[in-house]
Amino acid sequence: MDNMDQVIYLDNNATTRVDPEVFAAMEPFFCERYGNPSSIHRFGGSVAAEIEQARCRVAELLGANFRDKDGVAAEIIFTSCGTEGDNAALNAAIAVNPDRRKVITSAVEHPGILSYCRELSRRGYETVLIDVDGRGRLDMDRLAAEIDENTAVVSLMWANNETGTIFPVCEAAELAHAKGALFHTDAVQAAGKVPINVDDSMIDFLSIAGHKLHAPKGVGALYVRRGTRFRPLIFGGHQERSRRGGTENVTSVIGLGKACEMALANLPLERAKLARLRDRLEKGILERVPDVRVNGDIENRLPNTSSISFEYIEGESILMLLDRENICASSGSACTTGSLEPSHVLRAMGLPYTAAHGTIRFSLSKYNTETEIDRVIEVIPPIIGQLRAISPYWNERRRAVGEERNA
Ligand code: PLP
124 MDNMDQVIYL DNNATTRVDP EVFAAMEPFF CERYGNPSSI HRFGGSVAAE IEQARCRVAE
184 LLGANFRDKD GVAAEIIFTS CGTEGDNAAL NAAIAVNPDR RKVITSAVEH PGILSYCREL
244 SRRGYETVLI DVDGRGRLDM DRLAAEIDEN TAVVSLMWAN NETGTIFPVC EAAELAHAKG
304 ALFHTDAVQA AGKVPINVDD SMIDFLSIAG HKLHAPKGVG ALYVRRGTRF RPLIFGGHQE
364 RSRRGGTENV TSVIGLGKAC EMALANLPLE RAKLARLRDR LEKGILERVP DVRVNGDIEN
424 RLPNTSSISF EYIEGESILM LLDRENICAS SGSACTTGSL EPSHVLRAMG LPYTAAHGTI
484 RFSLSKYNTE TEIDRVIEVI PPIIGQLRAI SPYWNERRRA VGEERNA
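Oh and the sequence shown: position 365 is 488 in the numbering used here, straight run, nothing missing.
This is the structure in structure tokens:
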């Protein structure tokens, strides 16, 4: 792309820009301080202290205040991504609870959980997917009824990546513990956007990913509550206190620590700014375009995420026309096996076919401005008008409305 500077990037739930301050914190660890933190010599060994500082910063963002006798935030394990954290948590929970053969999650989780659960089904585990309602809210009665003495782990996302809907994870963790089950939450989309305080909860495992909060791709962290038994997913050297083998991704770990420090310091201000911009976007679109709906739990969702269905047209076509205007967003469809199916999240919410297919996810970051949002509000109505003019569903609907009026 030749004009990338002009891009209006509203796809921050897919990935975020690395903050220049994060990048600056990482830089010395590429070509100057490149030693291995496990080395005995000071050149490498001094890097270990930087890793421990990053670990403390991650712990602070999550409200994990425990420090061991050496001052180490030992509840944090660095991983390669959110998916690894999700897999590692489920793997540990079932390994330490071999007599329990049931795993409970929701129908709207990320594939990092759902695919692992499918694998567990193949291995003979009973896996239960709890449904959501039309607003993406979890069926808590069903959850309470499903958790039993055979349940090894309950895994529920803190916030949904498509709609931003927030689940009552602290309440769910209490339900799990009451039956002796462990509790994991995928907080990949929530970390840095809403307050998290694991010490005030019964959460055993929590996973995050650096690239959703302005750190680089390919790094993440898994919180494991002090006292919760753990079995590694990756066996190897003694890194991460023998809980995750492999030489540390030092530069990215340092970046993740810096990003967590910045996210915590700026959380209240950024949260308010993001919600203001999101509301401006939604209001602008709803005022100008008919037959539009905003999806998810409007009162209880991430401040940066807006899932909007433009009825009677295809999300992919909207994205293509937005792309021509240098606007990046994403759709609620997944191109699977050659057919454009609405995502499993929108299907679980029971969105009508005509709405699910025309769903766009706008996800904002601290770098977005009012001017950008106003530009999007300006270009959306003609794009939708153009696509509806050639949509058989839209024309059918207009005919039906006209006939009703004339009747
Ligand atoms: N969980 C959620 C809710 C996500 O949105 C994502 C990424 O989109 C992941 C897990 C996976 O994270 P990663 O891409 O770092 O593996």
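All C-beta atoms in this analysis are idealised placements derived from N, C-alpha and C, irrespective of residue type, glycine included. All figures in this text were calculated on a predicted structure; none of them were measured in a lab.
Could you tell me the boundaries of the alpha helix (DSSP H) in which residue i lies?
i	result
residue 280	Looking at the DSSP string, residue 280 is not in any alpha helix (DSSP H); the run it does join, the beta strand (DSSP E), is 274-280.
residue 239	234-245
residue 477	476-479
residue 214	205-218
residue 306	That residue, residue 306, is in no alpha helix (DSSP H); its beta strand (DSSP E) goes 305-309.
residue 166	165-185
residue 290	It is not in any alpha helix (DSSP H) - residue 290 carries neither H nor E in the DSSP assignment.
residue 526	515-529
residue 365	362-365
residue 267	263-269
residue 512	493-512
residue 433	Per DSSP, residue 433 belongs to no alpha helix (DSSP H); it is in the beta strand (DSSP E), 428-433.
residue 469	467-471
Note down, in chain order, each residue of its chain lying with its Cβ closer than 7 Å to the Cβ of residue i, except the 5 sequence neighbours on either side.
i	result
residue 478	416, 432, 434
residue 459	Residue placement at residue 459 is poorly supported in this model, since its pLDDT is 47, which falls under 50; the coordinates still yield a value, given next. Within the same chain, residue 459 has no close Cβ partners at all.
residue 487	133, 135, 397, 400, 401, 427
residue 404	429, 485, 496, 499, 500
residue 265	253, 254
residue 514	435, 436
residue 173	377
residue 316	394, 425, 426, 427
residue 190	196
residue 272	302, 303
residue 516	435, 477
Just to confirm the assignment, what range does the beta strand (DSSP E) spanning residue i have?
i	result
residue 483	482-486
residue 138	Here residue 138 belongs to no beta strand (DSSP E), and DSSP marks it neither H nor E.
residue 259	First-last for residue 259: undefined, no H or E at that position.
residue 375	Per DSSP, residue 375 belongs to no beta strand (DSSP E); it is in the alpha helix (DSSP H), 373-411.
residue 343	343-347
residue 416	415-418
residue 358	Here residue 358 belongs to no beta strand (DSSP E), and DSSP marks it neither H nor E.
residue 253	249-253
residue 189	It is not in any beta strand (DSSP E) - residue 189 carries neither H nor E in the DSSP assignment.
residue 441	Note, residue 441: premise wrong, no beta strand (DSSP E); alpha helix (DSSP H) at 438-447.
residue 313	From DSSP, residue 313 is part of no beta strand (DSSP E); its letter is neither H nor E.
residue 324	Element bounds for residue 324: n/a, residue is neither H nor E.
Check whether the Cβ atoms of residue i and residue j sit closer than 8 Å, and answer yes or no.
i	j	result
residue 347	residue 376	no
residue 425	residue 282	yes
residue 531	residue 364	Residue 531 cannot be examined here, being either before or after the span of the chain that is shown, 124 to 530.
residue 182	residue 200	no
residue 259	residue 443	no
residue 382	residue 336	yes
residue 447	residue 504	no
residue 304	residue 270	yes
residue 371	residue 160	yes
residue 176	residue 380	yes
residue 167	residue 285	no
residue 290	residue 298	no
residue 226	residue 243	yes
residue 219	residue 352	yes
residue 378	residue 148	yes
residue 295	residue 276	no
residue 170	residue 180	no
residue 483	residue 452	yes
Could you check how far apart the C-beta atoms of residue i and residue j are, in whole angstroms? I think they sit under 8 Å.
i	j	result
residue 308	residue 292	5 Å
residue 235	residue 210	7 Å
residue 327	residue 306	5 Å
residue 252	residue 230	4 Å
residue 141	residue 338	7 Å
residue 543	residue 344	In the structure as shown, the chain begins at 124 and stops at 530. Residue 543 is therefore absent and cannot be evaluated.
residue 436	residue 507	7 Å
residue 318	residue 392	Contact doesn't hold; Cβ gap of about 13 Å is too wide.
Between which residues of its own chain and residue i is the CB-CB distance below 6 Å, once the five residues before and five after are set aside?
i	result
residue 287	419, 424, 425, 428
residue 300	325
residue 414	434
Excluding the 5 residues flanking residue i on each side, which residues of the same chain have their C-beta closer than 8 Å to its C-beta?
i	result
residue 476	465
residue 528	none
residue 519	none
residue 354	214, 215, 218, 219
residue 421	258
Strictly under 8 Å for the Cβ-Cβ distance: is residue i near chain B by that measure?
i	result
residue 299	The structure shown contains no chain B; it holds only a single protein chain.
Open item on the list: Strictly closer than 5 Å from CB to any heavy atom of the ligand PLP: give me those residues in the order they appear in the chain.
Closed with: 204, 205, 206, 233, 235, 284, 309, 311, 312, 332
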